[in-house]
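Just below is one structure, and these are the notes that go with it.
Number of protein chains: 2
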Amino acid sequence: MPKSRDDLFESGANPLGNKDANALRSFIDRIESVQGEIDEFKADQKTIYDEASGAGFDKKAMRKIIAIRKKDRDEWKAEQDKVDAYLLALGLA
Amino acid sequence: MPKSRDDLFESGANPLGNKDANALRSFIDRIESVQGEIDEFKADQKTIYDEASGAGFDKKAMRKIIAIRKKDRDEWKAEQDKVDAYLLALGLA
Numbered sequence: 001m002p003k004s005r006d007d008l009f010e011s012g013a014n015p016l017g018n019k020d021a022n023a024l025r026s027f028i029d030r031i032e033s034v035q036g037e038i039d040e041f042k043a044d045q046k047t048i049y050d051e052a053s054g055a056g057f058d059k060k061a062m063r064k065i066i067a068i069r070k071k072d073r074d075e076w077k078a079e080q081d082k083v084d085a086y087l088l089a090l091g092l093a
Numbered sequence: 101m102p103k104s105r106d107d108l109f110e111s112g113a114n115p116l117g118n119k120d121a122n123a124l125r126s127f128i129d130r131i132e133s134v135q136g137e138i139d140e141f142k143a144d145q146k147t148i149y150d151e152a153s154g155a156g157f158d159k160k161a162m163r164k165i166i167a168i169r170k171k172d173r174d175e176w177k178a179e180q181d182k183v184d185a186y187l188l189a190l191g192l193a
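As they're listed, the protein sequences go chains A and B.
Last residue of the first sequence: number 93 in the numbering used here, and the count goes up by one each step with no gaps.
Last residue of the second sequence: number 193 in the numbering used here, and the count goes up by one each step with no gaps.
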């Protein structure tokens with residue numbers, strides 16, 4: 001069994017042992033192809049954010065709203081109540 | 101002009117000033133809908149990683165390969181040479 005990278009390269013052995021490089025390549029191609037779709041949708045999101053920004057809405061505030069809507073509503077309210085109490089206790093409210 | 105959140109809620113004024121809550125809602129709905137597509141593709145990626153893992157390939161190593169393929173090849177090689185030199189210098193190679 002090769003003990004180092006150099007041994008591996010010199011041995012001429014399949015660095016994947018008994019596994020197939022083409023299978024690996026195919027998995028990686030598929031993952032990259034799906035990533036291409038994701039990247040396109042992300043670009044779409046950016047376009048919508050830019051459009052909203054052009055209409056006078058703040059991107060950062062919108063991101064916060066979207067994060068809040070993802071959370072369970074009761075859980076979020078409980079969190080918020082704690083933050084409000086801490087702000088008040090520290091004279092920041 | 102309302103000075104605090106309480107003033108704002110009591111005034112009955114539109115908290116967005118002259119901007120339309122429906123426009124804001126529509127932007128947020130569109131962003132969330134695109135996010136739904138992204139989440140589905142991410143689930144597809146997870147399925148492919150699981151399949152690859154079932155075929156004996158290591159997910160972490162695959163993620164590294166994908167990150168490396170995203171980079172400019174020469175830039176990556178230059179980075180790698182530096183890391184190799186530092187490993188050697190520190191007796192870690």
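Virtual Cβ for every residue (Gly too), placed ideally from N, Cα, C.
Inset, instruction - Use the C-beta contact count for residue 83 of chain A: other C-beta atoms within 10 angstroms, 16 or more gives buried, fewer gives exposed. - result: exposed
Legend entry - Contacts that residue 28 of chain A makes with chain B (C-beta to C-beta distance below 7 angstroms): 162, 165 and 166
Legend entry - Contact with chain B by residue 37 of chain A, beta-carbon distance below 8 angstroms: yes
Legend entry - Test: residue 19 of chain A CB closer than 8 angstroms to a CB of chain B: yes
Inset, instruction - Given a cut-off of 8 angstroms, decide if residue 128 of chain B and residue 65 of chain A are closer than it, judged by their beta-carbon atoms. - result: yes
Legend entry - DSSP-derived helix/strand/coil call for residue 122 of chain B: helix
Legend entry - Cβ shell of residue 53 of chain A (< 7 angstroms), same chain only, five flanking positions each side left out: 59
Inset, instruction - Could you tell me whether the stretch 41–53 of chain A touches the stretch 168–180 of chain B, where touching means 3 or more Cβ pairs closer than 8 angstroms? - result: no
Inset, instruction - Would you give the residue range spanned by the alpha helix (DSSP H) that residue 179 of chain A belongs to? - result: Since the first residue shown for chain A is 1 and the last is 93, residue 179 of chain A is missing from the structure and cannot be characterised.
Inset, instruction - Spell out whether any CB of chain B is found under 8 angstroms from the CB atom of residue 34 of chain A. - result: yes
Inset, instruction - Give the interface partners of residue 42 of chain A over in chain B, defined as CB-CB distance under 9 angstroms, in chain order. - result: 134 and 138
Inset, instruction - Assuming residue 134 of chain B contacts residue 20 of chain A (C-beta within less than 8 angstroms), just tell me the rounded distance between them. - result: At roughly 37 angstroms, the Cβ-Cβ gap does not stay under 8 angstroms, so residue 134 of chain B and residue 20 of chain A are not in contact.
Inset, instruction - Could you check how far apart the C-beta atoms of residue 87 of chain A and residue 93 of chain A are, in whole angstroms? I think they sit under 8 angstroms. - result: 4 angstroms
Legend entry - Burial state of residue 102 of chain B (16 or more Cβ within 10 Å): Only weak support is given to the placement of residue 102 of chain B: the predicted model assigns it a pLDDT of 47, under 50, and the value that follows is read from those uncertain coordinates. Answer is exposed; the Cβ neighbour count stays below 16.
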